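Worksheet: the structure to be examined is printed underneath.
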Amino acid sequence: MTGSKAVQAHKGRPREFDADSALDKALHVFWQRGYEGTSLTDLTEAMGINRPSLYAAFGNKEELFRRALDRYAERGPSRALREALAEATARGVVALLLKNVAHALTDPGNPRGCLAVQGALTCGEASDAIKQELCKRRSEAEQMLRERLQRAKDEGDLASDADPAQLARFVSTITQGMSVQAAGGASRDDLFHVADMAMTAWPG
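Its first residue numbered 9, the sequence shown is counted upward by one per residue in the numbering used here.
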């Protein structure tokens with residue numbers, strides 16, 4: 009398939025569908041129901057295509073989910089980290105990250121919580137490859153933050169005895185907890201309070 013258009017068979021006649029739009033709809037379903045909780049019927053109904061068209065355009069369910077994860081990284085809460093890393097100080101990075109995460113997790117236009125966190129929590133043995141992929145992506149995000157904090161330490165922005173790896177793990181634990189809280193109905197203000205309390209523990 010080239011471009012964002014794909015072909016769907018409909019009543020014996022081919023018609024085009026927008027693959028980007030279909031992928032966005034698949035992402036929404038995965039985000040709301042999790043990988044294992046999403047059936048092929050759920051996907052085809054949401055995307056407005058039949059199974060042969062889904063297979064032709066996106067491969068199987070697992071491949072579609074990985075494509076949806078890539079889209080999620082571009083548009084979902086994953087973008088919060090990329091924006092925060094550009095801040096001038098380590099404290100600024102973390103403060104903006106927590107604020108951005110609180111906003112993203114409670115965006116009324118999206119399902120509650122974080123796809124990467126919720127998806128890994130609900131994956132069973134049959135979907136171990138998906139669980140490992142989600143864990144890998146979360147680990148990569150933590151590594152990006154750790155590298156940024158290490159640079160802050162090297163530049164004297166963090167104390168010489170600060171541990172970038174432990175600080176990155178602390179922040180990741182807070183954001184993952186915020187995701188679980190958001191999925192359970194916590195408001196944006198609730199998450200802002202969590203972020204504020206986390207920043208009180210940040211080294212001066």
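Heads up, the beta-carbon is just placed ideally off N, CA and C, and yes, glycines get one too. All of these numbers come straight from a predicted model, not from anything done at the bench.
Taking the Cβ atom as the reference point for each residue, do residue i and residue j lie within a distance shorter than 8 Å?
i	j	result
A167	P116	no
L199	A191	no
V202	L105	no
D165	T114	no
L48	A34	no
C122	S61	no
Would you identify the three-state DSSP class for residue i, choosing helix, strand or coil?
i	result
M60	The identity of residue 60 in the sequence shown is Pro, whereas the question assumes Met. In the structure shown, P60 sits in a helix (DSSP, three-state: H, G or I).
G185	helix
A215	Missing from the structure shown is residue 215; the chain here goes from 9 to 212 and no further.
P172	helix
A194	coil
L113	helix
A209	coil
D136	helix
D204	helix
Out of curiosity, what's the CA-to-CA distance linking residue i and residue j?
i	j	result
D26	I57	10 Å
R146	E91	16 Å
A17	A88	Confidence is the limiting factor: at A17 the pLDDT is only 45, short of 50, which leaves the residue's position unreliable, though a coordinate-based value still follows. Each residue's Cα considered, the two are about 39 Å apart.
R99	A206	11 Å
A160	E53	48 Å
L93	R41	30 Å
P22	V102	A caution first: P22 carries a pLDDT of 43, below 50, which makes its placement in the model unreliable, though a value can still be read off. For P22 and V102, the distance between alpha carbons rounds to 50 Å.
D136	E70	11 Å
D162	S29	44 Å
I182	A149	14 Å
Ordered list of alpha helix (DSSP H) runs contained in the region 38-106, each at least 4 residues: 48-55, 59-66, 69-83 and 87-92
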